[in-house]
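Right, one structure below, let's go through it.
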Amino acid sequence: MNQPQAFTYTPPRDDVHTEPGAIRFVIVALAVLFLLIFVVLPLVVVFASAFSKGVMAYVAALGEPEALSAIRLTLLVAAISVSLNLVSGVIAAWAIAKFDFAGKTFLITLIDLPFSVSPVISGLVFVLLFGAQGFFGPWLQAHDIRILFALPGIALATIFVTFPFVARALIPLMQEQGTQEEEAAISLGASGLQTFFRVTLPNIKWGLLYGVLLCNARAMGEFGAVSVVSGHIRGETNTMPLLVEILYNEYQFVASFAIASLLAMLALITLVAKTVLERRLDEGQVVSDD
Amino acid sequence: MTIEVKNLTKKFGDFAALDNVDLKVADGELLALLGPSGSGKTTLLRIIAGLDWPDSGEVSFGGENVLSRSAGERHVGFVFQHYALFRHMTVFENVAFGLRVQPRAIRKDEAAIRARVKELLDLVQLDWLSDRYPNQLSGGQRQRIALARALAIEPRILLLDEPFGALDAKVRKELRQWLRSLHQEIHVTSIFVTHDQEEALEVANRVVVMDKGRIEQVGTPGEVYDNPATAFVHGFIGESIVLPVEVRDGGVQLGGKALNIAANGYAPGAAKLFIRRHDMQIGPAGSGALEGSVQHVRTFGPIQRAEVALCGAAEKTVIEIDAPRDRELHAGDAVSLQPRRYRIFAAQE
Numbered sequence: 004m005n006q007p008q009a010f011t012y013t014p015p016r017d018d019v020h021t022e023p024g025a026i027r028f029v030i031v032a033l034a035v036l037f038l039l040i041f042v043v044l045p046l047v048v049v050f051a052s053a054f055s056k057g058v059m060a061y062v063a064a065l066g067e068p069e070a071l072s073a074i075r076l077t078l079l080v081a082a083i084s085v086s087l088n089l090v091s092g093v094i095a096a097w098a099i100a101k102f103d104f105a106g107k108t109f110l111i112t113l114i115d116l117p118f119s120v121s122p123v124i125s126g127l128v129f130v131l132l133f134g135a136q137g138f139f140g141p142w143l144q145a146h147d148i149r150i151l152f153a154l155p156g157i158a159l160a161t162i163f164v165t166f167p168f169v170a171r172a173l174i175p176l177m178q179e180q181g182t183q184e185e186e187a188a189i190s191l192g193a194s195g196l197q198t199f200f201r202v203t204l205p206n207i208k209w210g211l212l213y214g215v216l217l218c219n220a221r222a223m224g225e226f227g228a229v230s231v232v233s234g235h236i237r238g239e240t241n242t243m244p245l246l247v248e249i250l251y252n253e254y255q256f257v258a259s260f261a262i263a264s265l266l267a268m269l270a271l272i273t274l275v276a277k278t279v280l281e282r283r284l285d286e287g288q289v290v291s292d293d
Numbered sequence: 003m004t005i006e007v008k009n010l011t012k013k014f015g016d017f018a019a020l021d022n023v024d025l026k027v028a029d030g031e032l033l034a035l036l037g038p039s040g041s042g043k044t045t046l047l048r049i050i051a052g053l054d055w056p057d058s059g060e061v062s063f064g065g066e067n068v069l070s071r072s073a074g075e076r077h078v079g080f081v082f083q084h085y086a087l088f089r090h091m092t093v094f095e096n097v098a099f100g101l102r103v104q105p106r107a108i109r110k111d112e113a114a115i116r117a118r119v120k121e122l123l124d125l126v127q128l129d130w131l132s133d134r135y136p137n138q139l140s141g142g143q144r145q146r147i148a149l150a151r152a153l154a155i156e157p158r159i160l161l162l163d164e165p166f167g168a169l170d171a172k173v174r175k176e177l178r179q180w181l182r183s184l185h186q187e188i189h190v191t192s193i194f195v196t197h198d199q200e201e202a203l204e205v206a207n208r209v210v211v212m213d214k215g216r217i218e219q220v221g222t223p224g225e226v227y228d229n230p231a232t233a234f235v236h237g238f239i240g241e242s243i244v245l246p247v248e249v250r251d252g253g254v255q256l257g258g259k260a261l262n263i264a265a266n267g268y269a270p271g272a273a274k275l276f277i278r279r280h281d282m283q284i285g286p287a288g289s290g291a292l293e294g295s296v297q298h299v300r301t302f303g304p305i306q307r308a309e310v311a312l313c314g315a316a317e318k319t320v321i322e323i324d325a326p327r328d329r330e331l332h333a334g335d336a337v338s339l340q341p342r343r344y345r346i347f348a349a350q351e
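Here it is, written out as structure tokens:
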């Protein structure tokens, strides 16, 4: 009849680390409410407005020559700036992480500069350099080269604004990995290029992809710097973010939100890819700590 | 392959990592570079490997100067302290790396590479791990794979940087014996760096003792232990009792009091008396060179270790000596001490 008490096991309650249920509910509810109002609601509004006149209007808005031209330009600018930043970011991170030289701290500060400067200023710099009254302006005009209000200017401004992403993603990773694997490869007879492609690159691939992803998202979404240098020539120098603004100002809400919905989808895809990559990077970290 | 190092000097800023170092390594030798951290031993090893460059001096392999050659051209197998295995490659690919990066003209075909890797994995007794990644291996296994990888290129010379430094004591001991028997099997000229004297004395044919960028002594393990050339070597290898003494009138004085030992022709002046702990014989009071009283006795397996406070020294001096278990010792006993063997070196500074 008398069951021995000692055999009934109650798991210890972790009261020290847990608030009462009511408080927990309130805190979680507040966080969710905040996210709903400031993140989910705007996103829903973008898609709802884009489809407010039906799917046909949405598709038609995206099929407009101006919209197609903006999409093309945005993809082109992103392709140029991401690939150039990929190469220069890897080189910068390599130099900073694997070598010691005078002025290293200064170089790191320079890499971060685009993050701390307002994008409008970043655009203005190029106007001051290449504009008609700018530093190189007269020379460029004399040789009939167009940089401002054309693709080169937009690409330059975008490259400037998105430069830190790849380097920033790689520097801590490469610093943590050190140079021993490279030294091992070289002592085993590998050339510099073989060492880079067989040892260094595979070790940083997830970090590199992460940097490229963020760089791409920013390159496609950049407004301020591009707005200053683009000149807003319709069907020629408007990127997607610029076109969203123009269409909205002209009360073409469906068309405006249709383009905006594409940018929003890019953001969502980036978010998912970023989460996946971060998980990969964490795994890599655990491996290398071991 | 013989190795010769001449007048090697390397500075990092004001710090002289290597100061005019000369060294000859005979063909097929297993040499230990032994010294405390900062003694320049790893720098010397890296310069021989071609991973670092000296400010001045020469390095030659088999009479041929190699300083103008890159690490890859020197055909040296290097084993890193923290293994430096390629983390994204399997064990098999790690070992195969050196064979796969060879210029196309001399590269082996896939079947030959596979056969060679298999042979090396058999040699280090880890062929069953060939599909694993480095993070799935234990420290000892990683170190053996690192060795197999270094051997894959058929190196003329094998260099190991603190090969067992990151392993626990038991694995260390096993790997030491294993490395020695492996060396007997493949007989390639090898140099390993260590700060562990026991490791150096147990594994190497010859030991190079280094301190502050200089070579203090080169000799067989027996020589450096029994006939240390300098005060540093005596103090660094084995455990020593060191007493500040003065040599005067052919005798040795401690705190102004003559000790009953000969100066062995050592020049007069301030000096240091070095005695191995187990070379100090304990006798009844009044019978030896030094008088003292036992403060504390502990037993360790076959020996007992006594802390003895010396009488006659200017300041209170307590030394630790080792005595056999059968000799009865108690705290408070008055004893006398007679060194069976001792050495005198000039006092530094």
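Here the protein sequences come in this chain order: D and E.
With the first sequence counted from 1, adding 3 to any position gets you the working numbering.
With the second sequence counted from 1, adding 2 to any position gets you the working numbering.
All residues carry an ideal CB built from backbone N, CA and C; glycine is no exception.
For D285(D) and L176(D), what's the separation of their Cα atoms in angstroms? Locating residue 285(D) in the first sequence gives position 282, where the first residue counts as 1. Locating residue 176(D) in the first sequence gives position 173, where the first residue counts as 1. When rounded, the separation of the alpha-carbon atoms in D285(D) and L176(D) is 11 Å.
Listed from N- to C-terminal order along the chain, which residues in the region 186-202 of chain D have their beta-carbon within a distance smaller than 8 Å of any beta-carbon of chain E? Within the region 186-202 of chain D, the qualifying residues are E186, A187, A188, I189, S190, L191, G192, A193, S194, Q197, R201, V202.
Inter-residue Cα distance where the pair is V310(E) and D335(E): Counted from its first residue, the second sequence places residue 310(E) at position 308. Counted from its first residue, the second sequence places residue 335(E) at position 333. If you take the alpha carbons of V310(E) and D335(E), they lie about 9 Å apart.
At a Cβ cut of 7 Å, what residues of the region 172-187 of chain D count as close to chain E, listed as they run along the chain? The residues in question are Q183, E184, E186, A187.
Curious, which full-length alpha helix (DSSP H) runs of at least 4 residues does the region 93-146 of chain E contain? Correct list: 93-102, 112-125.
By Cβ distance, which residues of its chain are closer than 8 Å to Y344(E), with the 5 residues on each side in sequence left out? For the purposes of this step, residue 344(E) is taken as residue 342 along the second sequence, with counting starting at 1. Taken in chain order, the residues that qualify are I263, L275, F276, I277, D281.
8 Å CB neighbourhood of T319(E) in its chain, flanking five on each side removed: As a first step, residue 319(E) is located in the second sequence; it is residue number 317 there, counting from the start. Cβ neighbours of T319(E) beyond the five flanking positions: L245, A311, L312.
Residues bridged to K259(E) (per DSSP): Residue 259(E) sits at position 257 when you count from the first residue of the second sequence. Paired residues: L256(E).
With a cut-off of 8 Å, do at least 3 Cβ pairs link the region 82-102 of chain E to the region 152-172 of chain E? At 8 Å Cβ cutoff, the stretches touch.
Would you decide whether P2(D) is buried or exposed? Buried here means 16 or more other CB atoms lie within 10 Å of its CB. Residue 2(D) lies beyond the range of chain D shown here (4 to 293); nothing can be said about it.
Would you verify that the beta carbon of Q179(E) is, or is not, closer than 9 Å to some beta carbon of chain D? On the second sequence, position 177 is the one that residue 179(E) refers to. No Cβ of chain D is located within less than 9 Å of the beta carbon of Q179(E).
Taking 8 Å as the threshold, find out whether the region 192-202 of chain E comes into contact with the region 27-35 of chain E through three or more Cβ pairs. Contact between the region 192-202 of chain E and the region 27-35 of chain E is present, because at least three Cβ pairs lie under 8 Å.
Which residues does DSSP pair with I284(E) in a beta bridge? Translated into positions along the second sequence, residue 284(E) becomes position 282. Note: I284(E) sits in a beta bridge opposite L339(E).
L46(E) and V78(E) closer than 9 Å at C-beta: The residue you call residue 46(E) lines up with position 44 of the second sequence. The residue you call residue 78(E) lines up with position 76 of the second sequence. Remark: C-beta atoms of L46(E) and V78(E) do not approach each other more closely than 9 Å.
Beta-carbon spacing of I323(E), I239(E) below 9 Å: Residue numbering aside, residue 323(E) sits at position 321 when the second sequence is read from its first letter. Residue numbering aside, residue 239(E) sits at position 237 when the second sequence is read from its first letter. No; because the gap between Cβ atoms is not below 9 Å, this pair is not in contact.
Sequence-distant residues of the same chain with beta carbon closer than 8 Å to K214(E), five excluded per side: Looking up residue 214(E) in the second sequence gives position 212. Within the same chain, A18, D21, G40, S41, G42 come within 8 Å of K214(E) by CB-CB distance, once the 5 residues on both sides are set aside.
Near A150(E), which residues of its chain fall below 7 Å by C-beta distance, leaving aside the five closest residues on each side in sequence? Numbered from its first residue, the second sequence carries residue 150(E) at position 148. Here A150(E) has V97, L122, L123, L125, V126 as same chain residues with Cβ atoms under 7 Å from its own Cβ, once five neighbours each way along the sequence are excluded.
Exposed or buried, R213(D), counting other C-beta atoms within 10 Å across all chains shown (16 or more means buried)? As a position in the first sequence, residue 213(D) is number 210, starting the count at 1. The amino acid at residue 213(D) is misidentified as Arg; the sequence shows Tyr. By the 16-neighbour rule on beta-carbons within 10 angstroms, Y213(D) is buried.
Quick one: what does DSSP say M212(E) is sitting in, helix, strand or coil? Counting from one through the second sequence, the residue named residue 212(E) turns up at place 210. Three-state result, M212(E): strand.
In the structure shown, what three-state DSSP assignment does A291(E) receive? Position 289 of the second sequence, counted from the first residue, corresponds to residue 291(E). Note: A291(E) maps to coil in three-state DSSP.
Burial state of Y254(D), where buried means 16 or more other Cβ atoms lie within 10 Å: To locate residue 254(D), count along the first sequence from 1; it is residue 251. Y254(D) is exposed by the Cβ-count criterion.
Please list the partners that P205(D) has in chain E, where partner means a Cβ-to-Cβ separation under 7 Å. The count along the first sequence starts at 1 and reaches residue 205(D) at position 202. Within chain E, the residues near P205(D) are H90.
Leaving out five residues on either side along the sequence, give the residues of the same chain with a beta carbon under 6 Å from the beta carbon of R76(E). Sequence index remark: in the second sequence, residue 76(E) carries index 74 (1-based). The beta carbon of R76(E) sits closer than 6 Å to the beta carbons of G52, V68 from its chain, once the five residues preceding and following it are set aside; these are given in chain order.
Near V211(E), which residues of its chain fall below 8 Å by C-beta distance, leaving aside the five closest residues on each side in sequence? Here the question's residue 211(E) lines up with position 209 in the second sequence. A distance below 8 Å between beta-carbons, with the five flanking residues on each side excluded, links V211(E) to the following residues of its chain, in chain order: L36, G37, I217, E218, Q219, V220, V226, F234, V235, F238, I239.
Taking C-beta pairs closer than 7 Å, name the residues in chain D that Q104(E) reaches, listed in chain order. If you number the second sequence from 1, residue 104(E) lands on position 102. For Q104(E), the chain D residues whose C-beta falls within less than 7 Å of its own C-beta are G192, listed in chain order.
Between L245(D) and H235(D), is the Cβ-Cβ spacing less than 9 Å? Locating residue 245(D) in the first sequence gives position 242, counting from the first residue. Locating residue 235(D) in the first sequence gives position 232, counting from the first residue. Yes; because the gap between Cβ atoms is below 9 Å, this pair is in contact.
Just to confirm the assignment, what range does the beta strand (DSSP E) spanning T11(E) have? Looking up residue 11(E) in the second sequence gives position 9. It spans 5-14 - the beta strand (DSSP E) in which T11(E) sits, taken as one unbroken run.
Identify whether Q83(E) lies in helix, strand or coil by the three-state DSSP scheme. Indexing the second sequence from 1 puts residue 83(E) at position 81. Here Q83(E) sits in coil by DSSP.
Please report the residue range of the beta strand (DSSP E) in which Q255(D) lies. Here residue 255(D) is taken as the residue at index 252 of the first sequence, counted from 1. For Q255(D), there is no enclosing beta strand (DSSP E), as DSSP marks it with neither H nor E.
Contact set between A349(E) and chain C, taken where Cβ atoms lie within less than 8 Å: In the structure shown, chain C does not exist; the protein chains are D and E.
Classify R201(D) as buried or exposed, calling it buried when 16 or more other Cβ atoms lie within 10 Å of its own Cβ. Indexing the first sequence from 1 puts residue 201(D) at position 198. Under the 10 Å beta carbon count, R201(D) is surrounded by 16 or more other beta carbons and is classified as buried.
Residue-chain proximity (I155(E), chain D), Cβ-Cβ < 9 Å: To locate residue 155(E), count along the second sequence from 1; it is residue 153. With respect to chain D, the C-beta atom of I155(E) has a partner C-beta closer than 9 Å.
Cβ closer than 7 Å: which chain D residues qualify as neighbours of A114(E)? Taking the first residue of the second sequence as 1, we reach residue 114(E) at position 112. Simply none; closest approach about 16 Å.
Cβ-heavy atom distance between L128(E) and the ligand HEM below 8 Å? Ligands in the displayed structure: none, and consequently the ligand HEM is not present.
Which residues of chain D have a Cβ atom closer than 9 Å to the Cβ of V78(E), listed in chain order? Here residue 78(E) refers to the residue found at position 76 when the second sequence is read from its first residue. The answer, in chain order, is S190.
Buried or exposed: V29(D), going by 16 or more other Cβ atoms within 10 Å of its Cβ? Counting from 1 along the first sequence, the entry for residue 29(D) is found at position 26. The Cβ neighbour count for V29(D), taken over all protein chains shown within 10 Å, is under 16; the residue is labelled exposed.
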